[in-house]
Amino acid sequence: MRRNRYREDSIEKAADFYDMNKSDAVAYACEDVVEVLRAAERVLEREDLTFEQRREIAETFWTRATSFEVGFDVERVRD
């Protein structure tokens, strides 16, 4: 089994999701992930949300590489 199979699988998923070649899909995914995470942080920092709502939103955005810790402050954590 190849050592970087998970990377190849991730690139294939991006290409399928964006319906484009692998190189372009990786570029789009890199740009999109930054914007999505910034948007998630903005949502989680809203004062009108309850702690439970913030926790549920944070769980929704959990990935293998990124998660959010919700308390009095919102913090992005690299796993």
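Residue numbers 396 to 474, in my numbering, belong to the letters of the sequence shown in order. Here a beta-carbon is modelled for each residue, glycine too, at the ideal position from N, C-alpha and C.
Item                                                                            : Value
Contact check, F456 vs F463, beta carbons under 8 Å                             : yes
Endpoints, the alpha helix (DSSP H) within which E442 is located                : Note, E442: premise wrong, no alpha helix (DSSP H); not H, not E.
Of the listed residues V421, V431, R398, nearest to S405 (C-alpha basis)        : V421
Best match in S418, D419, T458, M415 for proximity to A435 [C-alpha to C-alpha] : T458
Beta carbon of R441 nearer than 8 Å to that of V465                             : no
Reduced DSSP category for R397 - H, G, I as helix; E, B as strand; rest coil    : coil
L444 versus L432 - alpha carbon distance                                        : 18 Å
Distance between Y423 and N416 (C-alpha atoms, nearest Å)                       : 11 Å
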